[in-house]
Amino acid sequence: MSSCANQCSVDNKNAPTIPCDVCQELLHFKCAGLPDNDVKFTRNKSKSIKVVCNSCSNNIAQFKDIKTLISSIRSDFNTAIDNLKASFEVQINNLKSSLTPKQEIAPVVFEDVVSEVMERQIRKQNLVLFNVPEQPINLSRDEALIRDRDSVNNILLHINSAYDVSSGSIQRMGKYLAGKNRPVKVLLKNEQEVQNIIRFAKQLKNSTQYKHIFVSFDRTPRQIEYYKLLKDEMDLRTTNGETGLKIRYVKGVPKILN
């Protein structure tokens with residue numbers, strides 16, 4: 438067996454060698470591309486000149502590729518975080534600019550605002566389906582999840598055949614209560630998919646099978662409260678004689694429009 442780190446065919450214990458700078462395994466001078474018996478090089482080798490065997494050379498190349506990939510992922514992650522911070526700052530600055538000079542945001546209120554903004558950002562990729570029938574209670578959790586996923590897929594396919602949640606995250610919201618259907622929360626790929634499905638969900642009303650299904654954004658408690666207040670205002674205005682009033686989302690915010 439060759440004593441050279443490069444596993445060459447030379448089997449000469451007397452052949453001059455030099456250690457690999459990485460693994461310290463001995464390497465024949467010829468395998469390292471050096472003249473035989475180059476004692477001067479061995480003794481005076483500059484620290485900037487590295488002698489590396491084939492195995493270590495391949496490992497270094499792979500390490501550089503992995504390092505480049507990690508660097509790219511870190512860069513993308515930092516960019517996403519910076520964009521998220523910028524979005525928060527814009528929304529907070531807009532809130533501040535809407536206040537009169539005499540108004541101030543108390544520290545506790547400010548933290549509530551930041552928390553609400555972050556929570557809304559997290560929920561933007563979620564879709565909530567109401568009145569999806571519960572699975573039989575005798576099923577295991579995994580079996581019930583599989584059936585819920587199939588039910589959601591069939592509903593979304595009825596709205597638009599382009600959407601599929603076979604690999605997405607879905608879950609029932611809240612505790613199980615006999616006789617009641619818990620809402621189903623679905624995580625989609627992006628916010629645009631959620632908006633597109635909401636836009637075409639009205640097609641379900643024309644379906645005998647799914648006309649009882651209601652599809653909604655994943656709202657925070659504050660958003661739900663605000664929507665109820667808006668609905669009460671619209672009902673009151675309708676009672677007072679106004680016609681054609683509807684609640685429409687404008688840049689993600691519900692408003693009463695004619």
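Just so you know, the sequence shown maps onto residues 438 to 695 in this note's numbering.
Glycine is no exception: its CB is placed at the ideal position from the N, C-alpha and C atoms.
Measuring alpha carbon to alpha carbon, tell me which of the options ends up nearest residue i.
i, options, result
"Cys493", "Ile510, Thr505, Pro456 and Asp519", "Pro456"
"Glu700", "Leu614, Glu679, Thr454 and Ile634", "Outside the shown range of the chain, which is 438 to 695, sits residue 700, and nothing can be said about it."
"Leu566", "Arg619, Leu576 and Val546", "Arg619"
"Glu630", "Tyr600, Lys668 and Ser577", "Tyr600"
"Arg656", "Glu556, Pro453 and Ser508", "Glu556"
"Phe547", "Asn530, Lys561 and Arg674", "Asn530"
"Ser606", "Arg586, Lys612 and Lys617", "Arg586"
"Ala638", "Asn591, Val690, Thr516 and Ala517", "Asn591"
"Val623", "Gln632, Gln608 and Lys617", "Gln608"
"Val690", "Asn495, Asn677 and Tyr664", "Tyr664"
"Lys617", "Val602, Ile518, Arg659 and Pro573", "Pro573"
"Val602", "Thr680, Val621, Phe514 and Asn575", "Val621"
"Lys688", "Ala517, Gln632 and Phe514", "Gln632"
"Gln558", "Asn677, Arg578, Met610 and Gln660", "Gln660"
State the start and end residues of the unbroken alpha helix (DSSP H) segment that holds residue i.
i, result
"Tyr686", "Segment Lys683 to Val687 is the beta strand (DSSP E) holding Tyr686; no alpha helix (DSSP H) there."
Can you tell me where the beta strand (DSSP E) holding residue i begins and where it ends?
i, result
"Ile455", "Thr454 to Pro456"
"Lys692", "Val690 to Leu694"
If you drop the 5 nearest sequence neighbours on each side, which residues of the same chain put their C-beta closer than 8 Å to that of residue i?
i, result
"Arg480", "A caution first: Arg480 carries a pLDDT of 46, below 50, which makes its placement in the model unreliable, though a value can still be read off. Counting only Cβ-Cβ distances below 8 Å, and skipping sequence neighbours, we find nothing."
"Ile634", "Leu564, Leu593, Ile596, Asn597, Tyr600, Leu625 and Val652"
"Gln640", "His595 and Ile596"
"Arg674", "Leu682 and Ile693"
Going along the chain, which residues of its own chain have a beta-carbon closer than 6 Å to the beta-carbon of residue i, five neighbours each way excluded?
i, result
"Ser404", "Because residue 404 is not part of the residues shown, which for the chain are 438 to 695, the question remains open."
Can you name, in chain order, every residue of its own chain whose Cβ lies under 7 Å from the Cβ of residue i, other than the five neighbours on each side?
i, result
"Ile693", "Leu667, Glu670, Met671, Leu682 and Ile684"
"Glu628", "Lys561 and Gln562"
"Lys642", "Lys648"
"Leu532", "Val550"
Report whether the distance from the Cβ of residue i to the nearest heavy atom of the ligand ZN is below 7 Å.
i, result
"Thr645", "This structure lacks the ligand ZN, and indeed carries no ligand of any kind."
Enumerate, from N- to C-terminal direction, the unbroken alpha helix (DSSP H) stretches of 4 or more residues contained entirely within the segment 567–624. The qualifying runs are 578–596.
Would the segment 543–561 count as touching the segment 519–530 if we require 3 or more Cβ pairs under 8 Å? yes
Contact between the segment 581–596 and the segment 642–656 is defined here as three or more beta-carbon pairs at a separation below 8 Å; is this criterion met? The segment 581–596 vs the segment 642–656: in contact.
Could you tell me whether the segment 572–585 touches the segment 673–690, using the rule of 3 or more Cβ pairs below 8 Å? no
3 or more residues per run - each beta strand (DSSP E) lying fully within the segment 619–659: 621–624 and 651–654
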